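Numbering (the numbering used here), first residue to last: 4 to 190.
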Amino acid sequence: MKKSTLAMLCLLMILSAVFCLAGCKSREQRLSEESTYEDAHMKSMGKKVINCIKTGDKEGLKKLFSKSAQKDIEDLDGKIDELLEVFKGKSIVSVKSESAGSSRTNDYGKKSIIIYGDYTPKLSTKGKCTIFISFCDKNDENPDDKGVFQMELRMFSKEETPKDFSGGAYQDDHGIFIYTLQNYPKK
């Protein structure tokens, strides 16, 4: 009787260890799939934004912003004009992109996904700049939040970033923020 109880206990321990290991693998697979999803959507959104900037498509750029951001951002048309004006006389030769990651309000089976990414366009004027794009890709509770809600343009490369640069806009601020070496926020 004791041997059969001990054998059952050992079998239960082995089975629970197998299920735990299988659970970890599925979690890793899930995270990998989510990362692939986020990277693909960030690259797609980045291409759309860069294309609108290259072609000077003000309306196309405005449509990329979420409906709620379009309402929240004061003078969105003026800020888009300002953004496009910065690139006048400069053409974007190439773009290096990096997905900066994502943030979720709920874990698996999320209600919303916010994706952050940054791009380093090489300009025809031998300069570089950095564009940070933040957008909500999925929001089950508020579909008006789906789309870009923040763009931060730094008219200097990461290598040229001043030591006293405080980082610009906050992560969840709605708007278009443009910084040059002359007007950047200092610590």
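For each residue, glycine too, the CB sits at the ideal point set by N, CA and C. Remember, it's a predicted structure, so these values are computed and weren't measured experimentally.
- In the three-state scheme derived from DSSP, where H, G and I count as helix and E and B as strand, N142 is classed as strand.
- For E155, no alpha helix (DSSP H) encloses it; the enclosing beta strand (DSSP E) starts and ends at 150–157.
- Between D148 and S69, the C-beta spacing is below 7 Å.
- DSSP lists P124 as the bridge partner or partners of V98.
- Three or more Cβ pairs closer than 8 Å define a contact, and the segment 118–136 meets that threshold against the segment 151–166.
- DSSP places I181 in the uninterrupted beta strand (DSSP E) bounded by 178–182.
- In the DSSP secondary-structure assignment, K91 is not bridged to any residue.
- Burial state of M16 is exposed, judged by a 10 Å Cβ sphere holding fewer than 16 other Cβ atoms.
- In this structure, S115 lies near N142, with their beta-carbon atoms less than 7 Å apart.
- For S71, the enclosing alpha helix (DSSP H) starts and ends at 70–75.
- The beta carbon of F168 is closer than 6 Å to those of Y187 in its chain, skipping five residues each way along the sequence.
- Rounded to the nearest whole angstrom, the CA to CA distance from K5 to C13 is 12 Å.
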